[in-house]
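Chains as they are written, first to last, in our numbering: chain A, 14 to 135; chain B, 10 to 526. The beta carbon of each residue, even a glycine, is placed where N, CA and C say it ideally should be.
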Amino acid sequence: MPGSVTSASACTVNCVLKARLKVWRGAPGAAGGYEHHEVPYESGQTVLDGLRWIRVHRDPSLAIRFSCINANACKECMIQVDGKTVYACTTRLVEREMTLEPLPNKALIKDLVTQIAPPDER
Amino acid sequence: MNAALAAAREGAGCLLVDRSLIGRGGATVMAQMTVAVALGEEEPDDPEHHLADTLKAGRGLCDARLSELLCREAPQCIREMDRWGVGWARNNGHISQVQAPGHERRRCVYVDFLNTGPAVSKTLRAQVQRVPEIRRTGDLLVTDLAVRDGICVGAHAVHTATGEAVSLAAKATIVATGGLTRLYARNSASINMGGDGYALALRAGAELIDMEFVQFFPIGHLAPRLVGMDPIMWDPFRYKLGGRLLNADMREFLPEGGRYTAARDLATAAIVKEVAAGRGSPHGGAWLSFQHCSAPELRAAFGPVIERLAKNGIDLTRQPVEVAPMAHYHMGGVRVDADMRTSVPHLFAAGEAVGGANGANRLSGNAISEALVFGLTAGLRAAALVASVPMPKLAPAARASAERPAMNPAAEIVRLQKLMNDHVGPVRTRAGLERALGEIKALRALELPSPGSGMDPVWLDLHDLRNMALVAEAVAHAALLREESRGAHQRDDFAQSSDAWQRHQRIRLHGELRVES
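Below is the structure:
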């Protein structure tokens, strides 16, 4: 039988690095707050990989928006990392605390998800 | 999107619904390679020649009516995209066409560099935005088709941002949800390719066909972690430079001699066998090396992609990369006639959701042609239907009473993807398929509870897991019954093709899945 496999974006071989993700959680109309997660990773992995790891291993209620995973084709995973607007799928994890927040200039849907659809597509 | 454009041109009012952002997810936007179409811009060509190549690649299993439609109508769709400004690459003023594997002529158009899918999606998005008859609504997840007296009368959906239930009455409904590659741990598509359309069609009573034929692309990028690029990206560079596919001992294990000659199914099986024999690369694939090429050769072939690789820490003059087979496309799908009508009246399908046009193995470049042509056909036929039937009334769906199960559905999805890759992947055996079916059936008992108010990611995963389990069972069930190897369906225990199996398997849901052939 073929060998057992894991996905190309999962940390599988050399997961010795650790990022500390400070993730904003909250919903419209309620006071939000930050949650802290330590995420194992291997060099080259992204903030989106880290967020997906949290959903699978810690808390599936964390809301994130993405479609294409790593091609940077869908442009859906825009968030703020350390105060800068970036795509989570192209921002690398680093071995320090990284603060992840929803886009400040868009209406909040939940956690890191904001209303980014064009107005006539809602 | 092309279905909506076609229907609107015929005067039909349309509602274009997407579970995320319109035209941003799915498979089309991810396509980086080429589109097959008999334009004859480089050398004489004809849809008949394109059809002959498509049927040959399909290993005796194409639904010839659909293949013929695809090849015949592709030129008008591609020329229309050209008028809409998609930007097909040009050569001395005419549209440039290259020869891809399996094509006997230079037939494949593209948008440079690695930009075919994004350009096609963007062009279609721009077109639908201009048409007032097309109302567009994103973040609306269709949970079930609405069927009354055996006829499709619309769909029930959930607005994912608020959790609100929405009922959509429709005279005609077109499923254009793409394929099922998300069922596999290693895949090259978007997160929303979890087979939603197949699950919707099955529960509505429609018939699926050829579900065992999942196309694996042999050299998807595996490591080092590469971001900002589609994992299929190595393919065009192997056309240009060959490249050497190596095992852990840094030996070529296919008789390629540094060229790019092995067919997808053979290369896939060879890599899987090297890994199983303990000769895989560290992440469980093979090495792909371009180290025999000089820096100027690499620069000429890769163009600006060299910089994108450098940003990912990859220098091809110094290192090989790891590649592995990845689920790339689904040949099977909803069974339709040449008018894209499913076996449920007033329900149509289009694009990759349709099964049969590509038989047991899809020819390179046929996927976007198929998306455009089948969309056009479904849109025209649906518009003709709505002119003659009254608008149905649709009661809201009953609120689900199921309890929320005590599981992490995101983790269960990962487990299912691994199970499918290990046992229902590129190389299959009876024992593996039976084991997979046993585990999938346990998931199939899952009932979908109602979503919470506001965005509910756990509910979304439960929804996806339920659909993925149903579709995974359809694939594994059909794969277990087909006791032969043909195209993308390779059985270790039935290594040869069998004439007796030159036939389709059709699947319906009657409580349990039932397969007929």
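Residue j beta carbon less than 8 Å from that of residue i
i, j, result
"His301 (chain B)", "Gly267 (chain B)", "yes"
"Asp508 (chain B)", "Gly364 (chain B)", "no"
"Val36 (chain A)", "Tyr47 (chain A)", "yes"
"Pro73 (chain A)", "Asn417 (chain B)", "yes"
"Glu114 (chain A)", "Thr146 (chain B)", "no"
"Pro233 (chain B)", "Asn101 (chain B)", "no"
"Asp148 (chain B)", "Ala174 (chain B)", "no"
"Leu60 (chain B)", "Gln511 (chain B)", "no"
"Asp473 (chain B)", "Ile422 (chain B)", "yes"
"Arg495 (chain B)", "Ser506 (chain B)", "yes"
"His58 (chain B)", "Ala73 (chain B)", "no"
"Gly342 (chain B)", "Ala362 (chain B)", "yes"
"Gly126 (chain B)", "Thr186 (chain B)", "no"
"Leu522 (chain B)", "Ala478 (chain B)", "no"
"Pro56 (chain B)", "Cys80 (chain B)", "yes"
"Trp296 (chain B)", "Pro245 (chain B)", "no"
"Phe222 (chain B)", "Met340 (chain B)", "yes"
"Ile122 (chain A)", "Met91 (chain A)", "no"
"Ala45 (chain B)", "Gly360 (chain B)", "no"
"His292 (chain B)", "Val29 (chain A)", "no"
Paired residues, beta bridge with residue i - DSSP
i, result
"Arg350 (chain B)", "B:Phe357"
"Thr127 (chain A)", "A:Leu121"
"Arg145 (chain B)", "B:Leu25"
"Leu263 (chain B)", "DSSP, once it has assigned bridges, lists no residue as partnering Leu263 (chain B)."
"Ser176 (chain B)", "B:His165"
"Val343 (chain B)", "B:Leu217, B:Val363"
"Trp37 (chain A)", "A:Tyr47"
"Ala45 (chain B)", "B:Cys117"
"Gly229 (chain B)", "B:Ala333"
"Ile160 (chain B)", "B:Arg157"
"Ile183 (chain B)", "B:Phe357"
"Leu255 (chain B)", "B:Glu261, B:Trp296"
"Gln106 (chain B)", "Gln106 (chain B) pairs with nothing; no bridge assigned."
"Lys282 (chain B)", "Looking at the DSSP assignment, Lys282 (chain B) forms no beta bridge with any residue, so it has no partner."
>> Output needed in chain order: residues of the stretch 32 to 48 of chain A with a Cβ under 8 Å from some Cβ in chain B.
In response: Those residues of the stretch 32 to 48 of chain A that come within reach of chain B (Cβ to Cβ, closer than 8 Å) are Ala40, Pro41.
> Does the stretch 326 to 345 of chain B come close enough to the stretch 184 to 204 of chain B to have 3 or more Cβ pairs within less than 8 Å?
Replying inline: Contact annotation: the stretch 326 to 345 of chain B touches the stretch 184 to 204 of chain B, with at least three C-beta pairs closer than 8 Å.
> Hey, is the stretch 158 to 167 of chain B in contact with the stretch 178 to 192 of chain B, meaning 3+ C-beta pairs nearer than 8 Å?
Replying inline: Flag = yes, the stretch 158 to 167 of chain B and the stretch 178 to 192 of chain B touch.
> Taking the runs of the beta strand (DSSP E) that are 3 residues or longer, which of them lie wholly in the stretch 51 to 96 of chain B?
Replying inline: With a minimum length of 3 residues, there is no unbroken run of beta strand (DSSP E) contained wholly in the stretch 51 to 96 of chain B.
> What are the complete beta strand (DSSP E) segments, minimum 3 residues, inside the stretch 54 to 121 of chain A?
Replying inline: Counting only runs of 3 or more, we get 91 to 94, 97 to 100, 110 to 114.
>> Would the stretch 14 to 28 of chain B count as touching the stretch 125 to 143 of chain B if we require 3 or more Cβ pairs under 8 Å?
In response: With the cut-off at 8 Å, the stretch 14 to 28 of chain B and the stretch 125 to 143 of chain B touch.
>> In chain order, what are the residue ranges of uninterrupted alpha helix (DSSP H) at least 4 long that sit wholly in the stretch 293 to 339 of chain B?
In response: Restricting attention to alpha helix (DSSP H) runs no shorter than 4 residues, the stretch 293 to 339 of chain B encloses them at 304 to 311, 314 to 320, ordered along the chain.
> Going along the chain, which residues of the stretch 18 to 32 of chain B sit with their C-beta nearer than 7 Å to a C-beta in chain A?
Replying inline: Those residues of the stretch 18 to 32 of chain B placed with their C-beta closer than 7 Å to a C-beta in chain A are Ser29, Leu30, Ile31, ordered along the chain.
> Mind listing which residues of the stretch 197 to 208 of chain B have their C-beta closer than 7 Å to chain A's C-betas, in chain order?
Replying inline: Legend: CB atoms of the stretch 197 to 208 of chain B lying less than 7 Å from CB atoms of chain A belong to residues Ser199, Ile200, Asn201.
>> Quick test of the definition: if touching needs 3 or more C-beta pairs under 8 Å, does the stretch 84 to 95 of chain B touch the stretch 21 to 30 of chain B?
In response: The answer is no - the stretch 21 to 30 of chain B does not touch the stretch 84 to 95 of chain B, with fewer than three Cβ pairs under 8 Å.
> Does the stretch 209 to 224 of chain B come close enough to the stretch 28 to 44 of chain B to have 3 or more Cβ pairs within less than 8 Å?
Replying inline: Pairwise C-beta distances place the stretch 209 to 224 of chain B out of contact with the stretch 28 to 44 of chain B, as fewer than three of them are shorter than 8 Å.
>> By the 9 Å beta-carbon criterion, what residues does the stretch 106 to 131 of chain A contribute toward chain B?
In response: Going along the stretch 106 to 131 of chain A in chain order, one finds Ile122, Lys123, Asp124, Val126, Gln128, Ile129, Ala130, Pro131 with a Cβ nearer than 9 Å to chain B.
> How do the stretch 18 to 32 of chain A and the stretch 230 to 246 of chain B stand: do at least 3 beta-carbon pairs fall below 8 Å, yes or no?
Replying inline: Output reads yes: the stretch 230 to 246 of chain B touches the stretch 18 to 32 of chain A.
> Using a Cβ cut-off of 7 Å, which residues of the stretch 137 to 150 of chain B contact any Cβ in chain A, in chain order?
Replying inline: Listed in sequence order: Arg145, Thr146, Gly147, Asp148.
> In the stretch 186 to 215 of chain B, which residue ranges form an unbroken alpha helix (DSSP H) of at least 4 residues, counting only runs that do not cross its ends?
Replying inline: The qualifying runs are 205 to 213.
> If contact means a Cβ-Cβ distance below 8 Å, which residues of the stretch 426 to 439 of chain B contact chain A?
Replying inline: Residues Gln426, Lys427, Asn430, Asp431, His432, Gly434, Pro435, Val436, Thr438.
>> What are the residues in the stretch 73 to 89 of chain A lying within 9 Å of chain B by C-beta distance?
In response: Answer in chain order: Pro73, Ser74, Leu75, Ala76, Ile77, Arg78, Phe79, Ser80, Cys81, Ile82, Asn83, Ala84, Asn85, Ala86, Cys87, Lys88, Glu89.
> Quick one, which residues of the stretch 38 to 53 of chain B are near chain A if we go by CB-CB under 7 Å, in chain order?
Replying inline: Using a CB distance below 7 Å, the part of the stretch 38 to 53 of chain B facing chain A consists of Val38, Met39, ordered along the chain.
>> What are the residues in the stretch 76 to 99 of chain B lying within 9 Å of chain A by C-beta distance?
In response: Listed by position along the chain: nothing, the set is empty.
>> Please list, in chain order, the residues of the stretch 220 to 252 of chain B that have any C-beta partner in chain A closer than 8 Å.
In response: Along the stretch 220 to 252 of chain B, going in chain order, the ones with a CB nearer than 8 Å to a CB of chain A are Gly229, His230, Leu231, Ala232, Pro233, Arg234, Leu235, Val236, Gly237, Met238, Asp239, Pro240.
>> Tell me which residues of the stretch 155 to 187 of chain B have at least one Cβ-Cβ distance to chain A shorter than 8 Å, keeping chain order.
In response: Result list: Ala170.
> What are the uninterrupted segments assigned as alpha helix (DSSP H) that are 4 or more residues long and contained completely in the stretch 383 to 450 of chain B, given in chain order?
Replying inline: As far as the stretch 383 to 450 of chain B is concerned, its whole alpha helix (DSSP H) runs of at least 4 residues are 418 to 432.
> Hey, which unbroken runs of the beta strand (DSSP E) at 3 residues or more fall wholly within the stretch 486 to 519 of chain B?
Replying inline: If we require 3 residues or more, the beta strand (DSSP E) runs fully inside the stretch 486 to 519 of chain B come out as 515 to 519.
> On the three-pair Cβ rule with 8 Å, is the stretch 342 to 349 of chain B touching the stretch 376 to 393 of chain B?
Replying inline: Between the stretch 342 to 349 of chain B and the stretch 376 to 393 of chain B, the count of Cβ pairs shorter than 8 Å is three or higher; the stretches touch.
> Of all the residues that make up the stretch 475 to 500 of chain B, which are near chain A by a beta-carbon distance shorter than 7 Å?
Replying inline: The stretch 475 to 500 of chain B vs chain A, Cβ under 7 Å: nothing.
>> Against chain A, which members of the stretch 283 to 309 of chain B pass a CB distance test of less than 7 Å?
In response: The stretch 283 to 309 of chain B vs chain A, Cβ under 7 Å: Val284, Ala285, Gly289, Pro291, His292, Gly293.
> Using Cβ-Cβ distances below 9 Å, what residues of the stretch 254 to 279 of chain B are close to chain A?
Replying inline: Flagged: no residues at all.
>> Does the contact criterion of 3 or more C-beta pairs under 8 Å hold for the stretch 428 to 438 of chain B versus the stretch 82 to 98 of chain A?
In response: No, the stretch 428 to 438 of chain B is not in contact with the stretch 82 to 98 of chain A.
> For the 8 Å Cβ check, are there 3 or more pairs between the stretch 391 to 404 of chain B and the stretch 447 to 467 of chain B?
Replying inline: No contact exists between the stretch 391 to 404 of chain B and the stretch 447 to 467 of chain B.
>> To be precise: take each residue of the stretch 435 to 467 of chain B, compare its Cβ to all Cβ atoms of chain A, and keep it if any distance is under 7 Å. Which residues remain?
In response: Listed by position, the residues of the stretch 435 to 467 of chain B near chain A (Cβ gap below 7 Å) are Val436, Thr438, Gly441, Gly463, Met464, Pro466, Val467.
>> Is it the case that the stretch 96 to 107 of chain A contacts the stretch 55 to 72 of chain A, given that we only count it when at least three CB pairs across the two stretches are under 8 Å?
In response: Using a C-beta cut-off of 8 Å, the stretch 55 to 72 of chain A makes contact with the stretch 96 to 107 of chain A, since at least three inter-stretch Cβ pairs fall below that distance.
>> Please list, in chain order, the residues of the stretch 322 to 337 of chain B that have any C-beta partner in chain A closer than 8 Å.
In response: So the list reads Gly322, Ala333, Met335, given in the order they occur along the chain.
> Which residues, taken in chain order from the stretch 411 to 422 of chain B, show a beta carbon closer than 7 Å to some beta carbon of chain A?
Replying inline: Within the stretch 411 to 422 of chain B, the qualifying residues are Asn417, Pro418, Ala419, Ala420.
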